[in-house]
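Input: a single structure, listed below in structure tokens.
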Amino acid sequence: MINFIPAQVSHLDAVVALEQGTFPDDAISRRSFRRFIDAPSADFYVAVDADESVQGYTVLLYRNSTNLARLYALVLAPSRQGMGYGRKLLQWAEHLADERHCLFLRTEMATSNQRAEQLFRGEGFRLIELREAYYPPSSGQSTDALVMQKLLPRYELGDDSGVGATDEYVPMLTQTTEFTCGPASLLMAMDYFDRPSTDPAAEELEIWREATTIYMTSGHGGCGPHGLARAAYNRGLSARVEVNTDSPLFIESVRQVQKKDVMQRIQAADMNFLQAQGVPINVRDYTLELLKEDLANGALVMALISTYQFDGVRAPHWVLICAADDDFVYINDPDYDTLPWESSTQRQYLPIPIATFNKAFGYGGRKQKAAVVLQAIK
Numbered sequence: 001m002i003n004f005i006p007a008q009v010s011h012l013d014a015v016v017a018l019e020q021g022t023f024p025d026d027a028i029s030r031r032s033f034r035r036f037i038d039a040p041s042a043d044f045y046v047a048v049d050a051d052e053s054v055q056g057y058t059v060l061l062y063r064n065s066t067n068l069a070r071l072y073a074l075v076l077a078p079s080r081q082g083m084g085y086g087r088k089l090l091q092w093a094e095h096l097a098d099e100r101h102c103l104f105l106r107t108e109m110a111t112s113n114q115r116a117e118q119l120f121r122g123e124g125f126r127l128i129e130l131r132e133a134y135y136p137p138s139s140g141q142s143t144d145a146l147v148m149q150k151l152l153p154r155y156e157l158g159d160d161s162g163v164g165a166t167d168e169y170v171p172m173l174t175q176t177t178e179f180t181c182g183p184a185s186l187l188m189a190m191d192y193f194d195r196p197s198t199d200p201a202a203e204e205l206e207i208w209r210e211a212t213t214i215y216m217t218s219g220h221g222g223c224g225p226h227g228l229a230r231a232a233y234n235r236g237l238s239a240r241v242e243v244n245t246d247s248p249l250f251i252e253s254v255r256q257v258q259k260k261d262v263m264q265r266i267q268a269a270d271m272n273f274l275q276a277q278g279v280p281i282n283v284r285d286y287t288l289e290l291l292k293e294d295l296a297n298g299a300l301v302m303a304l305i306s307t308y309q310f311d312g313v314r315a316p317h318w319v320l321i322c323a324a325d326d327d328f329v330y331i332n333d334p335d336y337d338t339l340p341w342e343s344s345t346q347r348q349y350l351p352i353p354i355a356t357f358n359k360a361f362g363y364g365g366r367k368q369k370a371a372v373v374l375q376a377i378k
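Numbering (UniProt numbering), first residue to last: 1 to 378.
Structure follows, in structure tokens:
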């Protein structure tokens with residue numbers, strides 16, 4: 001029987017001996033292990049048996065600016081290997097990262113360590129990168145490393161602690177161009193509300209043509225909330241626009257006066273259409289409480305976020321919010337490569353920590369917020 005307990009100074013002799021025996025060419029120093037014990041940005045646990053002797057250890061490192069945990073060390077004594085304890089230690093490391101609301105757990109291992117690779121793949125880790133000559137030379141030759149990663153929290157249908165589409169998953173759709181995240185989000189909502197498109201690829205571009213209102217500094221324009229609400233209304237959905245300003249949106253993204261004029265005219269036309277059809281346009285701060293209230297009433301919400309919180313690039317991006325609970329906002333992300341998720345499965349009901357979502361919801365220096373609340377017409 002092995003238990004996992006926080007590492008103490010009294011454990012260091014055993015930990016260092018085990019580390020040096022496992023990685024003689026690249027061992028973590030005693031000084032580093034000592035620092036991990038008290039560091040708020042680390043979790044350092046040892047695996048002990050009934051007589052309190054150290055049989056293994058794990059170290060996780062965290063960065064305040066990301067939702068990524070790094071599994072820095074996971075070592076088990078040779079006498080304990082092959083008994084399932086390595087898997088339990090890895091699962092304990094995942095638990096520690098999950099307790100800190102991390103989205104991802106990432107680690108590196110030598111390409112020659114096939115036993116470790118098999119263990120991590122068996123626990124749902126995916127290969128995301130090969131780093132050449134990552135480890136120091138051994139017998140005159142450096143070693144390549146596999147970088148593996150796992151998405152930790154997953155939304156489970158039927159979880160009564162959340163609100164929104166909690167009993168049936170909102171279908172996932174990947175956008176087919178770099179500029180149609182808004183149309184792809186709308187198509188997912190249409191499918192969920194039993195109004196699926198017969199030709200999603202063609203309709204994605206058609207919606208984009210209808211809803212494009214924003215010039216960017218270069219490349220294709222994007223879709224604004226009023227245009228997307230108009231497209232949703234024309235396709236038989238109930239829509240409501242939520243913005244935090246009654247001024248023209250995202251004007252600061254362009255410099256030319258002519259472009260600014262075109263943007264204002266298009267937005268005005270969309271607003272006039274929505275008002276004529278009785279589609280609400282609320283000018284207020286669309287808070288998390290209001291979002292949860294809409295989700296609880298059966299709505300899905302398209303929200304414009306800044307991707308800076310995820311990839312360091314300030315780009316506007318539409319996502320579809322499907323559910324929320326006390327810890328996460330769950331989104332369907334239509335993009336195929338902007339954010340660091342490796343598959344469409346991981347982009348469905350992707351858990352975004354509430355603190356991260358609050359930072360990401362809004363775009364530009366003025367933090368302009370835009371959302372479109374969608375429901376089926378009753």
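Yeah, the Cβ is synthetic: ideal placement off N, Cα and C, and Gly gets one too.
Tell me which residues share the same chain as residue i and place their Cβ nearer than 8 Å to its Cβ, disregarding the 5 neighbours each side in the sequence.
i      : result
Cys102 : Tyr62, Asn67, Leu68, Ala69, Leu152
Asn282 : Arg240, Val241, Glu242, Val243
Ser41  : Leu61, Tyr62, Arg63, Asn64
Asp98  : Leu152, Pro153
Asp167 : Leu157, Gly158
What span of residues does the beta strand (DSSP E) with residue i cover, start to end?
i      : result
Ala7   : Run containing Ala7: none; DSSP gives neither H nor E here.
Val257 : Not the beta strand (DSSP E): Val257 falls in the alpha helix (DSSP H), residues 257-276.
Thr58  : 54-62
Asn282 : 281-283
Thr245 : Note, Thr245: premise wrong, no beta strand (DSSP E); not H, not E.
Asn297 : No beta strand (DSSP E) contains Asn297, which DSSP labels as neither H nor E.
Ile331 : 328-332
Ala69  : 68-76
Ala189 : Note, Ala189: premise wrong, no beta strand (DSSP E); alpha helix (DSSP H) at 181-192.
Arg106 : 104-110
Asp43  : 42-48
Gln348 : Note, Gln348: premise wrong, no beta strand (DSSP E); not H, not E.
Leu374 : 370-376
Check whether the Cβ atoms of residue i and residue j lie closer than 8 Å to each other.
i      : j      : result
Pro183 : Glu204 : yes
Leu304 : Ala370 : yes
Ala73  : Tyr57  : yes
Met109 : Leu146 : yes
Leu18  : Arg30  : no
Gly162 : Asp325 : yes
Gln20  : Ala27  : yes
Leu237 : Arg195 : yes
Asn302 : Leu127 : Checking the sequence, you will find Met at residue 302 rather than Asn. No, the pair does not count as a contact, with Cβ atoms beyond the cut-off.
Gln55  : Ile5   : no
Thr22  : Val75  : yes
Val373 : Asp294 : yes
Ala165 : Tyr192 : yes
Pro136 : Asp25  : yes
Phe33  : Val46  : no
Once you ignore the five residues that flank residue i on each side, which residues in its own chain have a CB closer than 6 Å to its CB?
i      : result
Phe44  : Ala7, Phe36, Ile37, Val59
Gly219 : With a pLDDT of 49 at Gly219, under the threshold of 50, the modelled position of that residue is not reliable, and no figure is offered here.
Tyr336 : Thr174
Asp270 : His226, Gly227, Arg230
Pro78  : none
Roughly how far, in whole angstroms, is the beta-carbon of residue i from the beta-carbon of residue j, given that I think they are within contact range, below 8 Å?
i      : j      : result
Ile321 : Leu291 : 7 Å
Leu71  : Val170 : So it is not a contact: roughly 31 Å between Cβ atoms.
Gly222 : Phe273 : With a Cβ gap of about 19 Å, Gly222 and Phe273 do not count as contacting.
Gln375 : Gly298 : 6 Å
Met190 : Ser197 : 6 Å
Leu105 : Gln149 : 7 Å
Hey, quick one: how far does the alpha helix (DSSP H) through residue i stretch, first residue to last?
i      : result
His317 : Unbroken run through His317 is the beta strand (DSSP E), 316-324; no alpha helix (DSSP H).
Ile305 : Where Ile305 is concerned, there is no enclosing alpha helix (DSSP H), although the beta strand (DSSP E) it sits in stretches over 300-306.
Asn358 : 354-360
Glu99  : 85-99
Glu206 : 200-211
Arg115 : 114-122
Ala229 : 225-234
Asp38  : 30-38
Does any C-beta atom of chain C lie closer than 8 Å to the C-beta of residue i?
i      : result
Lys292 : Included in the structure is just one protein chain, with no chain C present.
Spatial neighbours of residue i within its chain, please: C-beta separation below 7 Å, excluding the five flanking residues on both sides.
i           : result
Ile331      : Val319, Leu320, Ile321, Cys322, Leu350, Ile352
residue 395 : An answer regarding residue 395 cannot be provided, because it is not within the stretch 1 to 378 covered by the chain.
Leu130      : Asp144, Leu146
Lys378      : none
Lys367      : none
Pro248      : Met263, Gln264, Gln267
Val329      : Ile321, Ile352, Ile354, Phe357
Leu119      : Gly86, Arg87, Leu90
Glu117      : Met109, Leu146
Phe361      : Ala303, Ile305, Lys369
Thr245      : Val283, Gln368
Arg235      : Met190, Arg195
Quiz item: Between the stretch 88-95 and the stretch 118-138, do at least 3 Cβ pairs fall closer than 8 Å?
Solution: Contact between the stretch 88-95 and the stretch 118-138 is present, because at least three Cβ pairs lie under 8 Å.
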